[in-house]
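If you count by this note's numbering, then the sequence shown holds residues 532 to 1040, one letter each, in order.
Think of the CB as a built atom: it goes at the ideal place given N, C-alpha and C, for glycine as much as any other residue.
Remember, it's a predicted structure, so these values are computed and weren't measured experimentally.
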Amino acid sequence: MNQFNRVKKQAPKAVLLLSSLLMGTPWLSHAQLANTQAETAATSPANESKNNPLKQVKTYTCPMHPEVISHEPGRCPKCNMFLVEQQDDANSAEHVGHQAADHQASEHGQTLAAKASSPVFDTPTPKADSLVKTQNNVTTIKYVCPMHAHIISDVPGTCPICGMNLEKVETGGNTQEINIQVSGSMQQALALKVAQVERDTLWKFVETVGQVDYNESQITHIHARVTGWVEKLMVKSMGDTVKKGQLLYELYSPDLVNAQDDYLLALDTAKTSGNPRYQDLVRRAGLRLSFLGFNDEQIKQLAQSRQTQYRVPFYAQQDGVVETLSIRDGMYIEPSTEAMSLVDLSKVWVIADVFENEQSWIAKGQKAEVAVPAMNIRGIEGTIDYIYPELDPVTRSLRVRVVLNNTNVDLRPKTLAKVSLFGGPNRDVLVIPQEALIQTGKENRVIVKQDDNSFAAKVVTVGMMSQGKAEIVSGLTEGERVVISGQFLLDSEASLKGSLMRLSSGHQH
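Below, the structure written as structure tokens:
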């Protein structure tokens, strides 16, 4: 009974606790929901910008005009390009890297997507059947993007890539002559200069370089025609100057001794016998000595003295300089041994190189003028002595030989020289200054200033070029004016227009 009473007393307490718990649950749920809503509101973008005062506002700028800045997307009021978002310093490097990497892969896709989604790209597309066919001397108007030259339209509009306004371009129908309009102020800024096409006499004048060399026809190679030993050498080194009749060396040779003895024996036999037939024997013995290197004076001296020379002297047969020296005192030599070589420098050669396209200007016997600046020698006159039969395969040049008198031995072999070759005149031809030519790998062009002060690029055929002038075979007429300074800028504009003409011609097909 007591146990029952204890349980009975505890029951009201449990009921009271359970009731309190059930009554407090709605309040807890409501508090939790309020707390969640507060956290969500605190993390919203609106409150984030309020709580983060360092958050920067997005700015947009024009790629072509950085001074144009806006806080909203749009177009540049100057060039009509799309404004791009300006990145902060922390992300600018990363943005530029991603933009460069994604540009090529996505440019075509972005263009197509922009045309499909944005109304600003709704530019009329030229159709093949609506294009105007270009005839000779007919002007065609095209519109091209200044930033993307491959964007071409027949009607005004904007570029689908950058949004810039398409610029008006007039192209002529004749592809050989493209008109370029340049204002007077721009002509002054470009410092354009013109020269008149005129008729003149163009001389075949070649200026080139050459090298002084030995005259090979005046080189003497000295050989001993017998075997023997050099007893005494009078020439000590290469470059020594020798005179005609000067002793070069003395040689002992058993062959020479025997030849002298045979000659003396023939003389004695002819004298004692009195038979005229022995005179022929004397003559042949003397001829043998001459072939072995004895001169007439030595043979006459041998006949008078009747004494055999065991050390036979050999003398120089001409004036000259020792070019090579291959023997020394006591050296054994054979007929195949070149003892030395002498070269006469009273006449020298100048070997000059002539360009392949100038080879038709020169001929044997034409006058030449040589200058050696290193030795302060100028105005030496000579003639073309020989034209070599083949061109150098490496330099593609033709060698020409000029003979010069060098009596005072002022010109030293292997010295570089300037050579001027004078060919015949080419009379009454159209000429222009050579600097007016714009030479490319395929053609030659000039920029012509027309009567209306416009400029046109013309293709010309060039003949000979000499002394700073170029012969015009076709493409120009006498009296026309060609640009000689600043023409490359005009040619670039003409090339751009020519590209537009080719592109428009491709659209017509």
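Of all alpha-carbon atoms in L935, G955, W760, L961, the one lying nearest the alpha-carbon of R909 is that of L935. Closest in alpha carbon position to W880, among A987, Q998, V933, M996, is V933. The beta carbons of M862 and V931 sit about 41 angstroms from each other, so the pair does not count as a contact at 8 angstroms.
Per DSSP, reduced to three states, the secondary structure at Q970 is strand.
In the DSSP annotation of this structure, the continuous segment of the alpha helix (DSSP H) that includes Y809 starts and ends at 808–822.
Following the DSSP letters along the chain, one finds M595 in no beta strand (DSSP E), marked with neither H nor E. The closest CA to that of V843, considering only A883, L787, P597, is found on L787.
Annotation note: the region 909–952 contains the following uninterrupted beta strand (DSSP E) runs of length 3 or greater, listed N- to C-terminal: 928–936. With 16 or more neighbouring CB atoms inside 10 Å of its own CB, I911 falls in the buried class. Looking at the DSSP output, L723 sits in no beta bridge, so it has no partner there. In this structure the region 876–892 lies against the region 741–753, because at least three pairs of beta carbons, one per stretch, are closer than 8 angstroms. If only complete runs of 3 or more residues are kept, the region 876–911 shows the beta strand (DSSP E) at 878–886, 898–903, in order along the chain. In the DSSP secondary-structure assignment, M717 is not bridged to any residue. Its Cα nearest to that of N696, the residue F613 stands out among T855, K802, R943, F613. Runs of the alpha helix (DSSP H) lying entirely within the region 714–800 and spanning at least 4 residues, in chain order: 715–721.
DSSP, reduced to helix, strand and coil, places A847 outside both helices and strands of the structure shown, so it counts as coil. A straight-line Cα-Cα distance of about 10 angstroms links K767 and I858.
At least 7 angstroms separates the beta-carbon of C690 from that of I683.
The three-state reading of DSSP puts K831 in helix, counting H, G and I together.
A residue is called buried once 16 or more other Cβ atoms fall within 10 Å of its Cβ, and S836, having fewer, is exposed.
When the Cα atoms are used, Q981 and A1001 turn out to be separated by approximately 21 angstroms. K802 carries a helical assignment under DSSP once its states are collapsed to helix, strand and coil. An exposed status is given to F822, since fewer than 16 other beta-carbon atoms sit within 10 Å of its beta-carbon. Within its own chain, the residues whose Cβ lies closer than 8 angstroms to the Cβ of C610, once the five positions on either side in sequence are excluded, are C593, M595, H596, M695, N696, listed in chain order. In terms of Cα proximity to H752, the closest of N826, M871, L812, D959 is M871. In the displayed model, S836 falls within a helix according to three-state DSSP. Within the model, the alpha-carbon separation for D884 versus L929 is close to 5 angstroms. Below 8 angstroms, too few C-beta pairs join the region 884–902 and the region 787–798 to call them touching: fewer than three. Rounded to whole angstroms, the Cβ separation of V979 and R1012 is 7 angstroms, and the two are in contact under 8 angstroms. In this structure, DSSP gives Q617 an extended state, which the three-state scheme calls strand. Nearest in C-alpha terms to I963, of all of V728, A680, T671, is V728. The shortest C-alpha to C-alpha distance from Y794 to any of S1005, A726, Q832, L764 is the one to Q832.
V962 is bridged by DSSP to E729, E1002. The straight-line gap separating the alpha-carbon atoms of L796 and M769 is approximately 41 angstroms.
If you ignore the 5 residues before and after H754, its C-beta comes within less than 7 angstroms of the C-beta of P866, T868, E869, A870, all in its own chain and listed in chain order.
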